[in-house]
Structure formats: C-alpha cells, structure tokens
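Here the structure comes first, spelled out in structure tokens, and everything after it is commentary.
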Amino acid sequence: MSHKLVIVESPAKARTIGGYLGDGFVVESSIGHIRDLPNNAADTPAKIKDKPWGRLAIDVDNGFQPYYVVPRDKKSHIAKLKQLLKDADELYLATDGDREGEAIAWHLLDELKPKGIPVKRMVFHEITKAAIQEAAAHPRELDTDLVEAQETRRILDRLYGYEVSPVLWRKVMSGLSAGRVQSVATRLVVDREKERMAFKVASYWDLEGTFDGYPGGYPGGAPPGVRMFPAKLHTVDGTRVASGTNFGADGLLKAKADVVHLDQRRAQALVAALADTTYDVRSVEAKPYRRSPYPPFRTTTLQQEASRKLGMSASVTMSVAQRLYENGFITYMRTDSTTLSDSAIGAARSQVQELYGAEYLPDAPRTYANKVKNAQEAHEAIRPAGDSFRTPAQTGLKGDQFRLYELIWMRTVASQMKDAVGQSVTIRLGGAASTGEDVVFSASGRVITFHGFLKAYVEGTDDSAAAKDDQETRLPNLQEGDPVSAASLSASGHETKPPARYTEATLIKELEDREIGRPSTYASIIGTILNRGYVYKKGTALVPAWIAFSVIRLLQEHFTRLVDYDFTAGMEDILDEIAKGEKDRVSELSEFYYGSDKLAGLKRLVEDLGEIDAKELATFPVGTEDDGIQLRVGKYGPYLEGPGDDGTAFAKRANVPDDLPPDELTVAKAKELLANPAGEEIDLGVHPETGLQVVAKNGRFGPYVTEVLPEDAPKSAKPRTGSLFKSMSLDTITLDEAMKLLELPRVVGAGEDGEEITAQNGRYGPYLKKGTDSRSLTSEDQIFGITLDEALKIYSQPKQRGRAAAAPPLKELGNDPVSGQPIVVKAGRFGEYVTDGEYNATLRKDDSVEEITLERAAELLAERRAKGPAKKAAKRGAKKTAAKKTTAKKTTTKKAAAKKTTKKAAKKS
DNA sequence: CAGTGAGCGAGCTTCCGCTTGACTT
Numbered sequence: 001m002s003h004k005l006v007i008v009e010s011p012a013k014a015r016t017i018g019g020y021l022g023d024g025f026v027v028e029s030s031i032g033h034i035r036d037l038p039n040n041a042a043d044t045p046a047k048i049k050d051k052p053w054g055r056l057a058i059d060v061d062n063g064f065q066p067y068y069v070v071p072r073d074k075k076s077h078i079a080k081l082k083q084l085l086k087d088a089d090e091l092y093l094a095t096d097g098d099r100e101g102e103a104i105a106w107h108l109l110d111e112l113k114p115k116g117i118p119v120k121r122m123v124f125h126e127i128t129k130a131a132i133q134e135a136a137a138h139p140r141e142l143d144t145d146l147v148e149a150q151e152t153r154r155i156l157d158r159l160y161g162y163e164v165s166p167v168l169w170r171k172v173m174s175g176l177s178a179g180r181v182q183s184v185a186t187r188l189v190v191d192r193e194k195e196r197m198a199f200k201v202a203s204y205w206d207l208e209g210t211f212d213g214y215p216g217g218y219p220g221g222a223p224p225g226v227r228m229f230p231a232k233l234h235t236v237d238g239t240r241v242a243s244g245t246n247f248g249a250d251g252l253l254k255a256k257a258d259v260v261h262l263d264q265r266r267a268q269a270l271v272a273a274l275a276d277t278t279y280d281v282r283s284v285e286a287k288p289y290r291r292s293p294y295p296p297f298r299t300t301t302l303q304q305e306a307s308r309k310l311g312m313s314a315s316v317t318m319s320v321a322q323r324l325y326e327n328g329f330i331t332y333m334r335t336d337s338t339t340l341s342d343s344a345i346g347a348a349r350s351q352v353q354e355l356y357g358a359e360y361l362p363d364a365p366r367t368y369a370n371k372v373k374n375a376q377e378a379h380e381a382i383r384p385a386g387d388s389f390r391t392p393a394q395t396g397l398k399g400d401q402f403r404l405y406e407l408i409w410m411r412t413v414a415s416q417m418k419d420a421v422g423q424s425v426t427i428r429l430g431g432a433a434s435t436g437e438d439v440v441f442s443a444s445g446r447v448i449t450f451h452g453f454l455k456a457y458v459e460g461t462d463d464s465a466a467a468k469d470d471q472e473t474r475l476p477n478l479q480e481g482d483p484v485s486a487a488s489l490s491a492s493g494h495e496t497k498p499p500a501r502y503t504e505a506t507l508i509k510e511l512e513d514r515e516i517g518r519p520s521t522y523a524s525i526i527g528t529i530l531n532r533g534y535v536y537k538k539g540t541a542l543v544p545a546w547i548a549f550s551v552i553r554l555l556q557e558h559f560t561r562l563v564d565y566d567f568t569a570g571m572e573d574i575l576d577e578i579a580k581g582e583k584d585r586v587s588e589l590s591e592f593y594y595g596s597d598k599l600a601g602l603k604r605l606v607e608d609l610g611e612i613d614a615k616e617l618a619t620f621p622v623g624t625e626d627d628g629i630q631l632r633v634g635k636y637g638p639y640l641e642g643p644g645d646d647g648t649a650f651a652k653r654a655n656v657p658d659d660l661p662p663d664e665l666t667v668a669k670a671k672e673l674l675a676n677p678a679g680e681e682i683d684l685g686v687h688p689e690t691g692l693q694v695v696a697k698n699g700r701f702g703p704y705v706t707e708v709l710p711e712d713a714p715k716s717a718k719p720r721t722g723s724l725f726k727s728m729s730l731d732t733i734t735l736d737e738a739m740k741l742l743e744l745p746r747v748v749g750a751g752e753d754g755e756e757i758t759a760q761n762g763r764y765g766p767y768l769k770k771g772t773d774s775r776s777l778t779s780e781d782q783i784f785g786i787t788l789d790e791a792l793k794i795y796s797q798p799k800q801r802g803r804a805a806a807a808p809p810l811k812e813l814g815n816d817p818v819s820g821q822p823i824v825v826k827a828g829r830f831g832e833y834v835t836d837g838e839y840n841a842t843l844r845k846d847d848s849v850e851e852i853t854l855e856r857a858a859e860l861l862a863e864r865r866a867k868g869p870a871k872k873a874a875k876r877g878a879k880k881t882a883a884k885k886t887t888a889k890k891t892t893t894k895k896a897a898a899k900k901t902t903k904k905a906a907k908k909s
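Following the UniProt record's numbering, the numbering of the first sequence begins with 1 at its first residue and continues without gaps.
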C-alpha cells in the first residue's frame, strides 16, 4: 500500500495531525534536527579530521562549506524514515515555517534522497483540521534562501564558539566556553554586579502621615467612603522633596534635580513644626484608569510568571509544559508568538461568557501584536489545547501540571476579556509649619469600577514593593478647600538601592528584549552559564563568579564586537537579508572570519593572542591603590593578596569564600579576610605529643595537613606538612591519619650500605628514597606498610627508567601490517592505548579494550604515524604549559566520568 | 596558597537550535 509521507518536527504533533489527514497519509516526525556539524572529535568523519579546519567541520578556505553528520542517536530514526519513504508516493516536508524548520526540511531532503516522487513543502501555523487540510492542499517550494540564512547562523555560531573557547582554555581555564549567546548572558550578569559594586547608597528622608478627611466629624450618618488615608510630603515651599529616583548611582543628587534633600534632622524638625498645623485640600485631580489584558503566553512570559507565581525555574517550567503538551492539554510551549487561532479565540470567548457573563466579553475578539522583534511565528501562543478549553478542574491534572495549566488557562481566558476601568485620584493637602514653611502632602488613590480581565488574571511583579495591577487605594471624597487634619505624622528615612540582580526569569526577559536566544534555548542558556561556573544561584538571584569577570574582561578587551549587546541583533538583520536573497552568505561569513576594511576578522583575533597576559586578566583591585589589596582568580578559586605585616606589597594571602558575592567584597571585608588568612582550614584537633594544632587545608598541590606553630616560634621554624593520600579526603580526614602523614618520611630501615631508606609521598606518587636513589612505589599504603626486606628487594633491581611500573599488555592483537611489529593494548597515564613499540595511539571514545580489533588498532597507529614522531613541547612557554596541565587534568577527570555514562547510554540503544 | 625525585604514548574540552526519550537512583 502506498501512502503520502508527512514529516513534522515533533512526535506529539505527528499524532494529532495524523488524525486530521486521515487515510492515505502517514505522519512521522523528525524529532528536531536530524543532522548537524559534528559535536566533537569522535563524531568527526576521518576524511575531514586531518584538514586544518577539521576541528570546525567547516571548510573555511572553500566557501565555508559545512560538513554535516547524523548523530549516533538519530541514525535508527533516519533508517525508519527511509523505510517509510520506500512505500510513499509523495513526500510532504511539514516542519515548522521558520528558519530552523526550513533547514530541517532541507536536511531531510538531502539525507532521505527521495527518488522519483514529488516532494512538497507544507507549512501551517495552527493545528486544526481545517488549517492542516488547507496546508496539505497548498504546498509550496523549499525556500533555499531561508535555508542559507540558517546555515549562516549555524556556521557563525560554530566559528565563534569553537574559535574563541580555546582562547579561554589557554588564557583562563581549561574547559571554559564562549558563544554568541552565553557570553552576552554572562556579560549581563557581570555588568549588573559591577553596577552594584560601584553603587553608592544615598539616604534621604521624608514625612509620612495619616490624615483625617473629616476632622469635624461626618456631615451626618456614615462617611462617604473612607475617612483616614495616608499621604506623603510632596513639596516644601514649592520645591519637591527628593525621593529615590532623584539620586544617581554615585549617591549624589542628579544634576537637574530641582529638589530639597531632607536629612534626618530637618525631617524631624519639620515634624515638630507641623504639630499644630491644619491642612486644606489644595487640589483634587481625577484621571480615568484603564488597563488592557496581557497578551497570551509565549515561552518567556510563561517562564517569568511561573517563576513569580509558582516559584518554578525555567527548566522545570519547560519540562512540566512539555508533559502538558505531549498529553494534549496545551499547545506548543516553545514559541515567540502571542497570536491565538480563530478557534482558540472562540473557545476563550465562550469561556468568558460562561464564567463571567456577557458584560466581561468585548464586542470584538482581541488580537495582540507581537512585541518580539525577531519573532518567527512558527507556532501559536501557549494556550489550552482544543477548540473548547477544559477548565483546570475538568483536566484531572495534579501538582505542578495542574498549577501550570491553570496559569495558562487563566491567562488565555483573561486575554479575551474587557479592559479594567476605574479612576485614579491625586489629592494635594497644604499647610503651614510653625517655622513659616509651606508644605504640601500628596495622596494618591485608585478605584477600579469595573475589574474586567483583572477578575481572572493579575500579573505578578518582580519587585515586591511594586503595586499589582488590581491594587486599590481608596481616598475620601474631598473637594478643593475642604479642611483636613493630620492624625499622625512621622519622619521616615530611606536609602537608595542598587539595581537588583538578575533572576533566571529576568535574565531571560532581558535576552529576549535584546533578540538573543530562542524559545527552545532560553532555559538551557541558564543551564550553560551555571554549568561553566560563570554564575551561581543564591536563592533565585544569579550571582557571577569571579572567573566570569576574568572571562568577560578578556572577551571585552579582545573580542569587543562579539560580546557587544547588539551583536546578535546585527546578525539577525544580516540573516534576514540573506533569507530575502539580498545578501550572500559567503561574503558575510568571510567578513566575520577573515575581516574587512572595517572589521578585524575572528581568525586574526584568535591568532593575535601574544599580548594577552593571563595573570593580569585574573587580577582585580579591591578598593583604591592605597589599600594595596587585589583579588586574583586562581586555579582553586578566588583569593586575596594584601600587604604583609611589614608592609611588603601583596605578601599576605587569603581565600575568598566561594559563596561571597563580588559586591559584598568591600575593602573592609577584604581586610577582615586577610586578617584571618586561615581561610578554609579544617581544625583536626591538638597533637597529643607536640601540643600543636593540626589543620587540613587545600593547597597548591591539593589537600594537605599541617601543624600551626605558635606565634612566638622563630621565623626559621617550619611546620611539618603532608599531602593527603588519594584515598583520603578533606571531609573525612581524622587527627590520627593527619599525625601519621606528618610523621613522613617514614624510615624503613638501613640499606646494605648503611644508608637510610625512607618512604614518602611526592609529586609523582609514593616512592622510596635512599640518598639520591629513588624508586617508585605502586600504592600509597606501601608508605606505611612496606618492610625493609621488600624495600631492599626493590633496590636490588636495577632502576627502571621511564616504564618503571609498566604493566603487562592488556591484550595482544597480532602484528601490524605496516611495521610488522606486534601490536599490544596497554593501560597508561592517559588511558588505554595501542602501541607497536615505536608509536602509541590512545584509544578513542568509541573504542574499548574488549572490542578493539587488529584492523582498528592498525588504523589508529597509521593515523598517529602520519603526524610524525612525538615532539617535545615546542612553541608555548614552558611555565605556561606546566601551569595549564594541572588545570586540564582537574577538569578532564570530571568530564571523563560524565562522558562515560553517555557512551554507555548510546551503546545500549 | 605547602616544596619533594623520574621520565614519559596525548587527546579533548567548546558553539546554538530543533526535538525526545534513554539512562540511573
């Protein structure tokens, strides 16, 4: 039986659409992108690996030709699609109608290679039977210009990320990353922290009082409305009283502020001078209040409201929404559109009528213009699914899903309700102080006469002090000239506040406003900058780590344009022109990579790194030069350097606690830390024999224990120290263990020549030492356990240079077809490798000792041979390389562990 | 940031955007 094959992006969508198209159609999904540039070396095809641009998988010398691969986990899915295509007499590429969707359609076409059947591009913006059938009846051609625009975006991001990240590995720390989106997100957080650090608090005072609208009692019966109301001092002798907005970040009044700045004394004097004052109403100003409903949710607004009202992180919100979507409760949750389909508008309106009555229903449906500048409108707004909405109670949902559904449902219904209307009133009260000053108090109120949509939905605020939209303040019904008295009056002091830190939700909003990132990535952007250690969360606030300051400084100084807040917006403009066929992708990419008259190219920027001083980059002054304190970002985190007791510059050091936000590192705090440079010492107790305090610390060479010498100890006296064994940890080390470590080196006994043999731990692990003759030990336990006999035995063997502890091969594979030498698999410092005696090649991610064959080993060795004999570290400065190596090791172990699990996962599937 | 003595197989980290399971506890 032949059929028409329709391919959409999402499996849930495929299920729905299958029902609408009926017999003769088979609807499958691509599950997102089906091909991409190879992610890493293991996924890079051998034929491009050795090219100079192999690491990028983009032939930068020939039109920026990208090399795509089908990721391992997508291969079986592609096979399935190919199988379905065999029996198809038509192929409909029905991926989303945006840039990425067009590219997916093209990749599908290029990968599936349908032969002899018509291929059609089908696009729809809402999932209703009518819309789908309409779309199927009117397909279009593939828009190759749009695909070009997507490829340009993809290639630019790869060049940016894969060229700039290695700069950070070399200059800051291994494993770091830079990218068009994450680097700007990080910069936003860092810049905000810098604003907070530079912020100078200003204090100001004003007068607040409660006033009585009917000082002579009611004109008979009950009062019309309220009687008591609050008011604040507005002017003194006609000049406005300064409030928070009149002060700049420098703590001073803004230049143009024509205000009177009250301090505590003056404010209190004024209160006293107003003790007997009576007031009269100087003016009553009423204005109509009107507020329109908020647009239906798109991804970012949903994330913000879920954060404000339900306390959900962006990623939790998305995964809860994903479940709602898959089970048919809501429409697609990754969208930048606020548009509702006609049937959704109908459903919302009938729900308004049903729940709130006709008076809440506007005459005409409401539509919302999209505020997102680069919106691609491939989907609808996020709303309850279906042609009629289920109320939350009807869904049977529970927990987070229920709460999120309810939020979406209310917002959608409210978006089709009438405006809220009312009145806002400002009343000014005047009076004279006994000191002769004329003062005016101001009170404002808001009365909502018709709640409209506010009856259904009120948006949350990020600032807890801000008034919500439905908040009402009632004032008495006063006329100009009416007498008013003060029931109470007091001076109140205020301080200006630095700009608030970003939260996940506000950072995402900021990124969206700047056209950076896409609905499908907002949540993961937060994940990326958290994972890299650029920021951490303190409650809901995002706090930048010091390493982010180093990274952003480097990027701003050397890749200024790339971390410009407008970079992405500029890129989008160019992509739009490429999509319209007005610009050529190769010349745009070429300008970006190789530069032009106006712009320095990326390639030259990353090659010109000589002048970047890594040390300088990681050093930040604390306070002024006179304070003589600086913060440095080291391998083990940030630490302070300050003047020594004798005044020597930067002689004293102290760790900065990991969770101390940068803006709290004041000069006073820095001095406090430096005064007690114990840092993260762990007190283990007092040594019973020496009476000295024994502590554990994290040092340059890892965790170690040491003893604290008394203050009066001679300067030449040095405390004993000892590195922790690999099997020990700072969390679990005991005093007993520490005392044993401090005893080292342990004397094992005397050798045959009478010279003492000792056992100890060193840079390369445990070893024996006899004079200048040293021998490695295989385990740390031997340091305490080895007997003299065993030690003598080791010394009776000739010293093995290099492969002292060479283990026997793990596996023998046979002879190499090229060299004729036997190939064996061995375990080494860097993992398992194959060797023919001359050349060694490390096993790649997908190889294993159990599965490796002679052919594969020969292949690896051939690759290795092609690179020539091992070279000694040549170009880079020796000190640099040495320093970097340790860092690299530290990060790789963590990553390697993570990799292993993914590999296992991939294999089983 | 503590200070102790060799001699040796490198290879990998990383981007942004589309999408879901699959994995483990």
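Positions of the beta carbon are idealized from the N, C-alpha and C atoms, including for glycine.
Every value quoted in this text rests on a predicted model; they were computed, and no experiment measured them.
Query                                                                                                                                                       : Result
On the three-pair Cβ rule with 8 Å, is the region 345-365 touching the region 311-323?                                                                      : no
In the DSSP assignment, find the beta strand (DSSP E) that holds Gln760 and state where it starts and stops.                                                : Glu756 to Gly762
Which value, in whole angstroms, describes the spacing of the CA atoms of Asp43 and Leu37?                                                                  : 9 Å
Val413 and Tyr279 look like a contact to me (Cβ under 8 Å); what is the Cβ gap, rounded to whole Å?                                                         : That pair is no contact at about 46 Å.
Helix, strand or coil for Glu780, going by three-state DSSP, please let me know.                                                                            : coil
From the DSSP output, which residues share a beta bridge with Ile330?                                                                                       : Pro384
What's the C-alpha gap between Asp143 and Gln394?                                                                                                           : 43 Å
Just how far apart, CA to CA, sit Gly642 and Gly628?                                                                                                        : 6 Å
Apart from the five residues on each side of it in sequence, which residues of its chain come closer than 8 Å, Cβ to Cβ, to Ala410?                         : At residue 410 the sequence reads Met, which differs from the Ala that was named. Here the set comprises Ala456 and Tyr457.
Using DSSP with H/G/I as helix, E/B as strand and the rest coil, what is Glu28?                                                                             : strand
Alpha carbon to alpha carbon, what distance is there between His687 and Leu742?                                                                             : 10 Å
Assign Gln471 to buried or exposed, taking buried as 16 or more other Cβ atoms, counted over all protein chains shown, within 10 Å of its Cβ.               : exposed
Go ahead and pull the three-state DSSP assignment for Asp157.                                                                                               : helix
Could you pull the DSSP bridge partners for Thr239 from this structure?                                                                                     : Val236
Could you check where the alpha helix (DSSP H) with Arg585 kicks off and where it finishes?                                                                 : Arg585 to Tyr594
If distances are taken between C-alpha atoms only, which option among Leu640, Val656 and Leu602 comes closest to Ala649?                                    : Leu640
Going straight from the alpha carbon of Leu233 to that of Val260, what length do you get?                                                                   : 11 Å
Whole angstroms is fine: what's the gap from Phe229's alpha carbon to Ala433's?                                                                             : 21 Å
Return the bridge partner residues of Ala420 from the DSSP annotation.                                                                                      : Arg291
Any idea if Met571 is buried or exposed, counting beta-carbon neighbours within 10 angstroms, 16 or more meaning buried?                                    : buried
Judging by CA-CA distance, which residue of Arg99, Phe247 and Leu555 is the nearest neighbour of Pro166?                                                    : Leu555
From Ala500 to Ser727, what does the alpha carbon distance come to, in whole angstroms?                                                                     : 44 Å
State yes or no: is the C-beta of Val535 within less than 8 Å of the C-beta of Val172?                                                                      : no
Can you list the alpha helix (DSSP H) stretches of 4 or more residues lying completely in the region 130-202, in chain order?                               : 144-171 and 182-198
Rounded to whole angstroms, what is the Cα-Cα separation between Leu207 and Gly422?                                                                         : 29 Å
Note down the Cα distance separating Asn327 from Arg428, rounded to an integer number of angstroms.                                                         : 57 Å
Do you know offhand how far Ile345's Cα is from Ile382's?                                                                                                   : 13 Å
Between Leu777 and Ala759, is the Cβ-Cβ spacing less than 8 Å?                                                                                              : yes
Considering Cα atoms alone, identify which of Trp53, Ala103 and Ser524 is closest to Ile34.                                                                 : Ala103
Are there three or more Cβ pairs, one per stretch, closer than 8 Å when the region 152-161 is compared with the region 527-545?                             : no
Express the C-alpha separation of Gly238 and Thr186 in angstroms, rounding to a whole number.                                                               : 46 Å
Within the region 533-618, note down every full beta strand (DSSP E) run reaching 3 residues or more, in order along the chain.                             : 535-538 and 541-544
Between which two residues does the alpha helix (DSSP H) containing Leu112 stretch?                                                                         : Arg99 to Leu112
If you check the beta carbons only, do Leu454 and Asp469 fall under 8 Å apart?                                                                              : yes
DSSP state of Lys13, grouped into three classes?                                                                                                            : helix
Using C-beta distances below 8 Å, list every residue in its chain close to Phe124, excluding the 5 sequence neighbours before and after it, in chain order. : Ala94, Gly97, Ala131, Ile132, Glu134 and Ala135
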